[in-house]
Every structure is written in C-alpha cells, then in structure tokens.
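Student: For the sequence shown, this note's numbering begins at 50 and goes up steadily by one. Here a beta-carbon is modelled for each residue, glycine too, at the ideal position from N, C-alpha and C.
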Amino acid sequence: MKYFCVNKNPQSYPEDGEQEVHKEGCSTPPLFANRHPLGDFDNCREAVAEARKKYNKVDGCKNCIPDCHTI
Numbered sequence: 050m051k052y053f054c055v056n057k058n059p060q061s062y063p064e065d066g067e068q069e070v071h072k073e074g075c076s077t078p079p080l081f082a083n084r085h086p087l088g089d090f091d092n093c094r095e096a097v098a099e100a101r102k103k104y105n106k107v108d109g110c111k112n113c114i115p116d117c118h119t120i
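#1: Roughly how many whole angstroms lie between the Cα atoms of alanine 82 and alanine 98?
#2: CB cysteine 93 to CB aspartate 116, shorter than 7 Å?
#3: Suppose contacts are defined by Cβ-Cβ distances below 7 Å. Is leucine 87 in contact with cysteine 54 by that definition?
#4: Which of the three DSSP states is assigned to cysteine 93 in this structure?
#5: Which value, in whole angstroms, describes the spacing of the CA atoms of glutamate 121 and lysine 51?
This is the structure we're talking about:
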C-alpha cells in the first residue's frame, strides 16, 4: 500500500482546473499546507476515487501516478 494525498488548490491547466492526486515519494508534490490526506491505497485508481468524494474534477499526477493521469 502507498500513501496518497490531493492538492487542495486546483491546477491552472486545464482552464477549468482540477485537483491533482499524488503518491508518497512524488518528485512534484504540493506544498505541505496545500495537501489533503487521502490515506493508504493499493493503487492510484482507488486514491483518485476517494479524492472524487470531496472534489468534482480530479486527475492523477503525471509524474508519480501516470496510470491515473488522463490529460
């Protein structure tokens, strides 16, 4: 299991903005103050699904969980 968090601040691209999910050890994590903890999951799909319970638009980080990055 890996620990995941989601950036509280929406991304500036795409223009409609979305929250980005990151895995523990990511090379481009959000600032600590901007992290919303999601918890431990077996895979990124579960973490993204959890983030969608709180945020409408969610995507995975292209660096640490490219399997869940859709853009």
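Tutor: Straight from the coordinates:
#1: 22 Å
#2: Yes, they are a contact pair.
#3: In contact: leucine 87 and cysteine 54 (Cβ atoms closer than 7 Å).
#4: helix
#5: What the structure shows of the chain is the stretch from 50 to 120, and residue 121 is not part of that stretch, so it cannot be assessed.
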